[in-house]
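Protein chains in written order, with full-length UniProt numbering: chain A, 1 to 373; chain B, 1 to 373. C-beta: ideal position from N, C-alpha, C; glycine also. In what follows, a single structure is set out as structure tokens and then discussed.
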């Protein structure tokens, strides 16, 4: 239930300074919820910012406060792990527009105290990154050893390199893209329409009511979830296997394992995510096109980033952000003289590979963060 | 509106004989709506059955009675066209379970006269084909020169060859598969959940009410429509182009052309299709697996079909029913000694290529139907 979600307390800071937005609007102040792991060293040179994906959060390596499940990248972040918290001060902030403590559509209106809902301004990936920079200013961290992210997290890492190249040693961009394709936008639009078609959405003003658009949000999640997996992965994991009773019901229950799995994914999602936040963040992703302010020349976005070291990783079975998008980024980086290493990894899990057990990814991330210091 | 849809009169016949179903249930009688084009010759040897796809209908080459648009395969069927109605008697029947005049969930209960809704039994592709065979019996047509279909129409053509190989000269199977994959099932399940999540669905008993689950059906159509197009095709057709006003709204209107297109596709669909029919037909497709009754050996389905001439066509950009599925069918046919020709065509339109302007497909279909008689 969305209402319980908003009762969770998160570590956060409210920065009493305006955040100008790409829309031309401005937030008078901005609240950022974040988690950190590992000690910041004396010269504050060992900070690594992890940027999370669409439905991720700041609980990268700690149990999720709503679900109790381990952090979404606990396999990657921790003592002795590829992003080694014995060496690095790891920061992960809930993105602007999300629902885990940072400013978003569930935030109160300054005047009335009521949740803003759709009165919250539409935000962009660039706005998310500027909010993260304000958090780092607040924490007294002038420069990041690295920014790391997969999927929408990778978009933020790219946007960091475009907006703040001088604050950045390296950028690690995994399973991502410099723009949303027509197909990416189309799938997101299906999800938004599913939410907005749910009468419990109530034009986004459901927070005070006993109802929330959980059915619409579940359908949105189901559609999106298919795009996170590969066709071959789905076949291997489920194929046409039936549920335990092993007979077709000749009805509309979940006969196939893949149906049951998808229904579970949809329902479980509504326990940990807010429908309006889903609308806002998908919109930010659809608006993302780093080349747009540079007349479509992606290299223009990286004009100041030639001293940032880039590491890009794609997965051969990722049809959401296919390898060609990473190649396009690498070409733009090379054209401005930035150091960019790129690997396409083979992994069966589709787009979700960046979250899963792919040892080659661990080695690349550890290597990109540099040997012992 | 679904209610107006059900007021349309269709040419149909009600056959007063039971239709035993794969579910074990039985329809006491079956109504089949159909259209035909071209004259049946004296020895009744020139009949070609066209099987339509999920949301298709019998109006293959005549204007659609609800939308007024030309028939869905008017480019393929007509005098002098690849399926030449100067030579062939072309029959197309609305599939069992659909909403254009054949028996389906909107049909009246024999006892009460009220629409059956979800009391209509779940049907299969095999059931659809047996209903078509009953229509041919009624029309006095013992044997088909050919059966032709794309997508779900191709599944029916394959099921014809499996069930009635002796009534068939040739089978032309386009952009199809012998089973639904996990990913295919997953996308259909999203659509069904979108419909059933709509409170206007009312457990399927919406026919008498002033409300129908048009929002849920539109979302289902949007999700499915993406799967009918290729990623490259979407990029070429829409890319990231904005609507006419050419600026981002920083809101949730359809800013991108692809959003507007998808919304239109979703809405327009609800004028010509019934939500319950969508549930039943997607279920029939998901249940489709010709190899299942033969311990997973597809060749077993074609044991009696070695004298049927098969023509299979796939499209290189079709990721819904990819070429590998057609190859699998060809291998099974070859193993039983059936003549099977197979071509993968290059076309940019994804799965929808079978409906669109692909001249090579025209030549293949015309050739498969044989030279002048």
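Leaving aside the five residues that flank residue 129 (chain B) on each side, the residues in its chain whose CB is nearer than 7 Å to its CB run, in chain order, 156, 159, 160 and 163. By the neighbour-count definition (other C-beta atoms within 10 Å, threshold 16), residue 188 (chain B) is a buried residue. For residue 102 (chain B), the closest C-alpha among the options B:38, B:57, B:142 and B:86 is that of B:57. Taking C-beta atoms as the reference points, residue 349 (chain A) and residue 216 (chain A) fail to come closer than 9 Å. Interface residue (Cβ-Cβ distance to chain B less than 9 Å): residue 256 (chain A) is classified as such. Distances from the alpha-carbon of residue 185 (chain A) to those of A:358, A:287, A:139 and A:251 put A:287 closest. For the stretch 229-254 of chain A, the residues whose beta carbon sits under 7 Å from a beta carbon of chain B are, in order, 231, 234, 235, 238, 239, 240, 248, 250, 251 and 252.
Against residue 215 (chain A), the close residues of chain B are 197, in the order they occur along the chain (beta-carbon pairs closer than 7 Å).
In the structure shown, residue 168 (chain B) adopts extended strand secondary structure according to DSSP, grouped into three states. Among the residues facing chain B, residue 226 (chain A) is included, as its CB has a counterpart in that chain under 9 Å away. For residue 53 (chain A), there is no enclosing beta strand (DSSP E), since its DSSP letter is neither H nor E. Going by DSSP, residue 146 (chain B) is part of the beta strand (DSSP E) stretching over 144-150.
Following the DSSP letters along the chain, one finds residue 270 (chain B) inside the alpha helix (DSSP H) bounded by residues 257-272. Taking residue 213 (chain B) as the centre and dropping the five residues before and after it, the same chain places the C-beta of 195, 198, 200, 201 and 275 closer than 6 Å to its C-beta, in chain order. Taking residue 181 (chain A) as reference, the option from B:366, B:7, B:70 and B:256 with the minimal CA-CA separation is B:256. Three or more beta-carbon pairs drawn from the stretch 329-341 of chain A and the stretch 302-315 of chain A are found closer than 8 Å, and the two stretches are therefore classed as touching. Here residue 35 (chain A) carries a strand assignment [DSSP, helix/strand/coil]. Per DSSP, residue 344 (chain A) is one residue of the beta strand (DSSP E) stretching across 339-345. Taking a Cβ-Cβ threshold of 7 Å, none of the residues of chain B is close to residue 205 (chain A); the smallest such distance is about 14 Å. Here residue 270 (chain B) has 214, 217 and 218 as same chain residues with Cβ atoms under 7 Å from its own Cβ, once five neighbours each way along the sequence are excluded. Chain B places a beta carbon closer than 9 Å to that of residue 189 (chain A), counting this residue as a contact. Boundaries of the beta strand (DSSP E) around residue 314 (chain B): 309-315. Secondary structure note for residue 12 (chain B): its beta strand (DSSP E) is the uninterrupted segment 12-15.
Remark: C-beta atoms of residue 55 (chain A) and residue 302 (chain A) do not approach each other more closely than 9 Å. Using beta-carbon distances, residue 300 (chain B) does not count as an interface residue toward chain A, since no partner is under 9 Å. Looking at the backbone, the Cα of residue 293 (chain A) and that of residue 304 (chain A) are separated by about 14 Å. Assignment of residue 305 (chain B) by DSSP, reduced to helix, strand and coil, places it in the coil class.
For a cut-off of 8 Å, the C-beta gap from residue 145 (chain A) to residue 15 (chain A) is around 23 Å, too long to register as a contact. Inter-segment contact for the stretch 26-36 of chain A and the stretch 244-261 of chain B is absent: fewer than three beta-carbon pairs are separated by less than 8 Å.
Any Cβ of chain B closer than 9 Å to the Cβ of residue 351 (chain A) would place that residue at the interface, and such an atom is absent. Residue state for residue 244 (chain B) is assigned as coil, using DSSP reduced to three classes. As DSSP reads the structure, residue 179 (chain A) sits in a beta bridge with A:289.
According to DSSP, residue 174 (chain B) shares a beta bridge with B:150 and B:313. Around residue 345 (chain B), no beta-carbon contact reaches into chain A at under 8 Å, the shortest distance being about 21 Å.
Contact annotation, residue 284 (chain B) with residue 123 (chain B): C-beta distance approximately 5 Å; criterion of less than 8 Å satisfied.
With its beta carbon less than 9 Å from one in chain A, residue 222 (chain B) belongs to the interface.
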